[in-house]
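Residue numbers (the numbering used here): 25 to 630.
Built from N, CA and C at the ideal position, the CB exists for glycine as well.
The next block holds one structure in the form of structure tokens; read it before the comments.
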């Protein structure tokens, strides 16, 4: 640790391996529960995902899982610095138990060119929400387009949770697969699935679609690979030996056990040899990569590596000998991947700079020095650690440099104790237990400014602080307990490198549906014309429609018009879409912007 920067009450530690300063360029201060019952849950985000172009219009988007309320939110880049807009919220009426969803993915599982939002919901299955294809709509539906039902597909259970899954073309047949490790109950329902779609679905409707179970690995049938001894946590795809075909690495919580699966052809998934068919990376300690790992070719040799952080287990003396272990799974050029030995694993020991737990993982080159980094989220004071590859043999730990990249901000407290002991004042604080969960970084540039970003979801951020005032009265302390609103309810942060001499901390501006203003028409009542005013906080595609009291369309005043930020006024002349005058009565005008809308009533009197 070589440099300390204190900026607006944010303490950041950055190693001298970074040529540029690093700082939070944006953060989201979530509303309290009293202000917004749904968005307040964004103080606890289990996972985040990113897509560079969600709707084909060049705008990037972030999806996050609201761990408190069981929903998913999509935020899109508006093109304005440090500003994102809430575009879609998954329906709350299908929220599931088991603290799910824990992960969210973007994908195109039915291969129709329309992106989907995909989540696993305990007791339901895997819910797929497909975009309706309308430019700028961000309409992913009010109910799933399709649901992967494990009971129907595999005679298994829909209960449990998945910490990680992928949607990509694993077997090279030109069609995407869903690869998911489901931690269910009882043990025979713990399974690794490879699933593809049959037919196409549309927004809110399954159509004539279904699913094919291309591959399945059952925990209780895999004693030869030590899979029976622990819950499934990940299935990661990578081209490990550079032959142009992907492998799948199964991971379960049994001494950090991994099993390679070869995929020689379409719909074919083969277990390895029983000799050297698995490797327990925990070396006798029950470690796990709790939030999965990441595949990347950081040495640019045409072969991907898989990087697995460590959530450490205890030894017999209550210690954690593998704190800070980062495993690299690697194979030689053309090496057989139907077995795995200790020669295929390297440990980067980050214990000198890390705290107890390591969670999500990503990669990139945040400081732009041409040397790739692995980024690992954590808690207990250190939010992001990094291991930077210096070149040479990637399997040589000496070729890696480790550092703290970003530390906890001051002021993120869960409790404050003020002590007045006969006039001697003291203050003790307890930090909240927040941690960076499933960060997203894959050479990511969310705001497309040419600088890489790390998207950092936080779990466990508090929205209020317990305050104790202790005053000595001569014989004992009088105690007054109260609660105050936490100022730093930062459930989502974006970290970016800055080449300037200082880094400014800025609050992220979240554009919400409530920021769009639709005014009462004037005059009202009216005859024969009336004016409708509305204001837009950002540029957007706008539709303005008049309906009768029964909800039937009367007149489209604006249809998908691309309007700039600002205020507008539209006149309705009391005619329908065919130019005919309409009768006296109540009418409803609706402003539709993306996936949201606002409506008001007006009266035509003749």
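Residue i in three-state terms, based on DSSP
{"i": "residue 421", "result": "helix"}
{"i": "residue 390", "result": "coil"}
{"i": "residue 67", "result": "helix"}
{"i": "residue 117", "result": "helix"}
{"i": "residue 247", "result": "helix"}
{"i": "residue 176", "result": "helix"}
{"i": "residue 538", "result": "helix"}
{"i": "residue 187", "result": "coil"}
{"i": "residue 366", "result": "helix"}
{"i": "residue 616", "result": "strand"}
{"i": "residue 211", "result": "helix"}
{"i": "residue 429", "result": "strand"}
{"i": "residue 569", "result": "strand"}
{"i": "residue 230", "result": "coil"}
{"i": "residue 576", "result": "coil"}
{"i": "residue 382", "result": "strand"}
{"i": "residue 256", "result": "strand"}
{"i": "residue 277", "result": "coil"}
{"i": "residue 625", "result": "strand"}
{"i": "residue 270", "result": "coil"}
{"i": "residue 45", "result": "Since pLDDT at residue 45 reaches only 48, below the 50 mark, its modelled position is unreliable, and no value is offered."}
{"i": "residue 631", "result": "Summary: the structure shown does not reach residue 631, with the chain confined to residues 25 through 630, and so no result is reported for it."}
{"i": "residue 76", "result": "coil"}
{"i": "residue 353", "result": "strand"}
{"i": "residue 532", "result": "coil"}
{"i": "residue 525", "result": "Any reading at residue 525 must be qualified, since the residue scores a pLDDT of 37, below 50, and its modelled position is unreliable; no value is offered."}
{"i": "residue 240", "result": "strand"}
{"i": "residue 466", "result": "strand"}
{"i": "residue 584", "result": "strand"}
CB-CB length for residue i against residue j, believed under 8 Å
{"i": "residue 79", "j": "residue 160", "result": "7 Å"}
{"i": "residue 141", "j": "residue 98", "result": "7 Å"}
{"i": "residue 331", "j": "residue 317", "result": "5 Å"}
{"i": "residue 281", "j": "residue 250", "result": "5 Å"}
{"i": "residue 211", "j": "residue 166", "result": "36 Å between Cβ atoms; not a contact."}
{"i": "residue 401", "j": "residue 407", "result": "7 Å"}
{"i": "residue 195", "j": "residue 291", "result": "6 Å"}
{"i": "residue 352", "j": "residue 329", "result": "5 Å"}
Residue i burial status per 10 Å Cβ neighbour count (16 or more: buried)
{"i": "residue 527", "result": "Legend: pLDDT at residue 527 = 37, less than 50; position of this residue unreliable, no value from coordinates given."}
{"i": "residue 486", "result": "buried"}
{"i": "residue 286", "result": "buried"}
{"i": "residue 576", "result": "exposed"}
{"i": "residue 625", "result": "exposed"}
{"i": "residue 176", "result": "exposed"}
{"i": "residue 235", "result": "buried"}
{"i": "residue 273", "result": "buried"}
{"i": "residue 91", "result": "buried"}
{"i": "residue 524", "result": "Residue confidence for residue 524 is low, a pLDDT of 42 falling below 50, so the modelled location carries little weight; the figure read from the coordinates is stated next. Under this definition residue 524 is an exposed residue."}
{"i": "residue 254", "result": "buried"}
{"i": "residue 325", "result": "exposed"}
{"i": "residue 452", "result": "exposed"}
{"i": "residue 619", "result": "buried"}
{"i": "residue 509", "result": "exposed"}
{"i": "residue 432", "result": "buried"}
{"i": "residue 33", "result": "Bear in mind that the predicted position of residue 33 carries a pLDDT of just 24, short of 50, making it too unreliable to give a figure here."}
{"i": "residue 501", "result": "exposed"}
{"i": "residue 241", "result": "buried"}
{"i": "residue 68", "result": "buried"}
{"i": "residue 519", "result": "buried"}
For residue i, the first and last residue of its enclosing beta strand (DSSP E)
{"i": "residue 399", "result": "397–402"}
{"i": "residue 215", "result": "215–222"}
{"i": "residue 313", "result": "Counting along the chain, residue 313 falls outside any beta strand (DSSP E), and DSSP gives it neither H nor E."}
{"i": "residue 450", "result": "448–455"}
{"i": "residue 97", "result": "95–101"}
{"i": "residue 89", "result": "85–90"}
{"i": "residue 445", "result": "437–445"}
{"i": "residue 557", "result": "554–560"}
{"i": "residue 592", "result": "590–596"}
{"i": "residue 130", "result": "128–131"}
{"i": "residue 19", "result": "Nothing about residue 19 can be read from this structure; the chain reaches only from 25 to 630."}
{"i": "residue 20", "result": "The requested residue 20 is not part of the displayed model; the chain covers only 25 to 630."}
{"i": "residue 331", "result": "329–332"}
CB contact below 9 Å: residue i versus chain B
{"i": "residue 623", "result": "The structure shown has no chain B; it contains just one protein chain."}
Residue i CB to nearest heavy atom of the ligand PLP below 8 Å
{"i": "residue 492", "result": "Looking at this structure, you won't find the ligand PLP or any other ligand, since it has none at all."}
| task | Entirely within the region 141–174 and at least 3 residues each: give me those beta strand (DSSP E) ranges in chain order. | result | 149–154 and 170–172
| message | Quick check for students: name the residue ranges of the beta strand (DSSP E) that lie wholly in the region 473–501, counting only runs of 3 or more. | response | 477–483 and 488–496
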